[in-house]
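Enquirer:
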Amino acid sequence: MADTIETRLQAAGVTLPEAAAPAANYVPTVTYGKILQTSGQLPMENGALAVTGKLGGEVGVATGQKAARLCAINVLAQAKSALGGDLSKIGRLLKLTVFVSSDPSFTEQHKVANGASDFLVEILGDKGRHARSAVGVPALPMNAAVEVEATFEIA
């Protein structure tokens, strides 16, 4: 079997969910030329918000990494939808921005962001190596612990 994004998802035991509809007045993705930008994705699992709260408070780093991974799964679901169901159209992941709901003294946003980065490199291979920002914020929509957005090059 060929080594594709879909086969790597299968090997990781991940089934992409249906791309979530926007929760407010925005679109889930924008395509501009050969660039695909996703809106921020929350750690949704089985249609519900899976991880809420602040890192450095009620949420630990390992749980934050799980939340970031869930966000990355949802980013890929949005990309798949935008690309007509064909993830092979991803040329490269250019930039990942990870927002981490954090207590003021929490400074390990970069470790939380690794939950998304590690997953995307595992699934996309070299196409998944990316620039990244990991930003601590005081709050996220619906009390989500993490939110992730991505910028892709379209092949």
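Residue numbers 734 to 888, in this note's numbering, belong to the letters of the sequence shown in order.
We put the beta carbon where it would ideally sit given N, CA and C, even for glycine.
1) Could you compute how far the alpha carbon of L853 sits from the alpha carbon of Y765?
2) Among T737, E751 and L769, which has the Cα closest to the Cα of A745?
3) Considering only residues of the same chain and omitting the five flanking positions on each side of D819, which have a CB-CB separation below 8 Å?
4) Starting from Q770, trace the beta strand (DSSP E) both ways and give me its first and last residue.
5) Would Q774 and A754 be called neighbours here (beta carbons separated by less than 9 Å)?
6) Between A800 and G848, how many whole angstroms is the CB-CB distance? I'm expecting something under 8 Å.
7) Mind checking which residues open and close the alpha helix (DSSP H) that includes A815?
8) Could you check the C-alpha separation between R741 and P837 for me, to the nearest Å?
9) I think V868 touches Q842, with their Cβ atoms under 8 Å apart; what is that distance to the nearest whole Å?
10) If you follow the beta strand (DSSP E) that G824 is part of, which residue opens it and which one closes it?
11) Based on Cα-Cα distance, which residue from V763, G797 and P750 lies nearest to N876?
12) For E791, name the three-state secondary structure that DSSP assigns.
13) Just tell me which of V833, I856 and A888 has its CA closest to the CA of V870.
14) Counting only runs of 3+ residues fully inside the stretch 847-873, write out the beta strand (DSSP E) ranges in chain order.
15) Check whether the Cβ of G818 lies closer than 8 Å to any heavy atom of the ligand ATP, and answer yes or no.
Expert: Looking at the coordinates:
1) 22 Å
2) T737
3) K813
4) I768 to T771
5) no
6) 7 Å
7) V794 to A815
8) 37 Å
9) 7 Å
10) I823 to S834
11) G797
12) coil
13) V833
14) 864-870
15) The model on display carries no ligand, and the ligand ATP is accordingly not part of it.
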